[in-house]
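With the first letter of the sequence shown counted as 1, position 27 gets the number 26 in numbering that gives the first Met the number 0; the numbers rise by one all the way through. Beneath this line is the structure, given in structure tokens, with notes to follow.
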Amino acid sequence: MKFKLIIIFFFILSCAQNYSVSKKDSSYNSKGFAYIYDDIDFDNKTILKKLDNSSLQIAHHKLRANSLIRIINPNTGDTIVLKSSKKIEYPDFYKIMITKPVAEKINLKTEFPLVEIFEVKKNKSFIAKKTKIYKEEKKIYSNAPVEKVKIDNISKFKKEKKIKKINKFYILIAEFYSKDSARMLKNRINKELTNFDSKKLRLKSQKTNKIKLLSGPYSSINLIKNDYSKLKKFGFEELDIIINE
């Protein structure tokens, strides 16, 4: 019986697709939080290699040194392309390590340093002679919750004042083409991951006919870290963090 369950589980995983899986015919890409380097981390041996925090430097724990990586701030559309300085191990929860000048260049908020990263393959039309900053179109998340406050003035005209949108973060566990497969994995997590809050799991249908299995929403990095760790121990190799789903 246990053997049959193992076969079913691997069948489910084979049906799932995760954005961060790297294939031979495609470049590496991932979504999640950036680790903003600090010399204190090197001094206390949290990080075993040092970066120059006065310059634009990045490091990745999977991609080799000198790999070209595009880093995007999904909140602003700001983009930067840099060569990876070193291959460095850092806490598994994070997707890339960057110095403070990099965070400043793409207007990254240190409390929620959410990024999307792509490995850039060099070709005839792209030669990275120096670091370039690109301003892409700013994405407007129409489904992001925005609170409005109505204010009455003396002339009785009503004005609407937009308050800062509240971002909600989710862990993208897997993608499926079959809703039945997505439900099977969701039910398996609920049954076997007993220390996980099952109320956080949800399915979301996409226009591309794919089904996302998500966990969330979360309002703090510590809460995301906690569940991220549980899911990794359950057997998921790579998990993306996405916003305002």
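For glycine and all other residues, C-beta sits at the position ideal for the given N, C-alpha and C.
Practice problem: From the DSSP output, in three-state form, read off ASP77 for me. | Solution: What you label residue 77 is simply residue 78 of the sequence shown in a count that begins at 1. If DSSP states are grouped into helix, strand and coil, ASP77 belongs with the strands.
Quiz item: Looking at THR109 and LEU50, is the spacing between their C-beta atoms short of 8 Å?
Solution: To locate residue 50, count along the sequence shown from 1; it is residue 51. To locate residue 109, count along the sequence shown from 1; it is residue 110. No; because the gap between Cβ atoms is not below 8 Å, this pair is not in contact.
Quiz item: Just reading off the beta strand (DSSP E) that SER228 is part of, what are its end residues?
Solution: Along the sequence shown, read from residue 1 onward, the residue named residue 228 stands at position 229. Segment 220-233 is the alpha helix (DSSP H) holding SER228; no beta strand (DSSP E) there.
Exercise. Could you tell me which residues DSSP puts in a beta bridge with ARG201?
Key: Working through the sequence shown from its first residue, we reach residue 201 at position 202. Answer by DSSP bridge pairing, in chain order: LEU213.
Practice problem: Pull up the CB-CB distance for LYS68 and GLU118, whole angstroms please, since I reckon it's below 8 Å. | Solution: Residue mapping note: residue 68 aligns to position 69 of the sequence shown, counting from 1. Residue mapping note: residue 118 aligns to position 119 of the sequence shown, counting from 1. The question names Lys, yet the displayed sequence has Ile at residue 68. About 6 Å separates the two Cβ atoms, so the contact holds.
Quiz item: Quick one, are the C-beta atoms of ASN166 and ILE57 less than 8 Å apart?
Solution: Reading the sequence shown from its first residue, position 167 is the one you call residue 166. Reading the sequence shown from its first residue, position 58 is the one you call residue 57. Contact flag unset, no.
Practice problem: Classify LEU12 as helix, strand or coil using the three-state DSSP reduction. | Solution: Sequence index remark: in the sequence shown, residue 12 carries index 13 (1-based). The predicted model places LEU12 with a pLDDT of 47, which falls under 50 and marks its position as unreliable; any figure quoted below should be read in that light. It is helical.
Self-check item: Paired residues, beta bridge with LYS115 - DSSP
Solution: Start at 1 with the first residue of the sequence shown, and residue 115 comes out as number 116. A small fix is needed here, since residue 115 is Glu in this sequence, not Lys. GLU115 is bridged to LYS30 and ILE71.
Quiz item: Do LEU212 and ILE172 have their C-beta atoms closer together than 8 Å?
Solution: Within the sequence shown, the letter at position 213 stands for residue 212. Within the sequence shown, the letter at position 173 stands for residue 172. In contact: LEU212 and ILE172 (Cβ atoms closer than 8 Å).
Practice problem: Can you grab the Cα-Cα spacing for the pair HIS59 / GLY31, in whole Å? | Solution: Position 60 of the sequence shown, counting from 1, holds the residue named residue 59. Position 32 of the sequence shown, counting from 1, holds the residue named residue 31. Approximately 13 Å between the Cα atoms of the pair.
Exercise. Quick one: give me the first and last residue of the beta strand (DSSP E) that PHE175 is part of.
Key: Within the sequence shown, the letter at position 176 stands for residue 175. From DSSP, the beta strand (DSSP E) with PHE175 extends over 168-175.
Practice problem: Apply the 10 Å Cβ neighbour rule to PHE233 and answer buried if 16 or more other Cβ atoms are within range, or exposed otherwise. | Solution: Along the sequence shown, one-based indexing puts residue 233 at 234. Exposed is the call here.
Practice problem: Determine the DSSP secondary structure at ASP51, reduced to helix, strand or coil. | Solution: Along the sequence shown, read from residue 1 onward, the residue named residue 51 stands at position 52. Here ASP51 sits in coil by DSSP.
Practice problem: Provide the residue span of the alpha helix (DSSP H) that contains ALA181, from first to last. | Solution: Position 182 of the sequence shown holds residue 181. ALA181 -> alpha helix (DSSP H) spans 178-191.
Quiz prompt | DSSP-derived helix/strand/coil call for GLU136 | solution = Position 137 of the sequence shown, counted from the first residue, corresponds to residue 136. Unreliable positioning characterises GLU136 in this predicted model, as indicated by a pLDDT of 34, which lies under 50. A coordinate reading is not provided.
Quiz prompt | For ILE39, three-class secondary structure by DSSP | solution = Walking along the sequence shown from the start, residue 39 turns up at place 40. Looking at ILE39 - three-state DSSP - the assignment turns out to be helix.
Exercise. For VAL20, I'd like the list of residues in its chain whose CB is within less than 7 Å of its CB, leaving aside the five on either flank, ordered along the chain.
Key: Within the sequence shown, numbered from 1, the residue matching residue 20 stands at position 21. Residue confidence is low: VAL20 scores 37 on pLDDT, short of 50, so the model does not pin down where it sits. No coordinate-derived value is stated.
Quiz item: Roughly how many whole angstroms lie between the Cα atoms of ARG182 and PRO100?
Solution: Within the sequence shown, numbered from 1, the residue matching residue 182 stands at position 183. Within the sequence shown, numbered from 1, the residue matching residue 100 stands at position 101. The straight-line gap from Cα to Cα measures roughly 43 Å.
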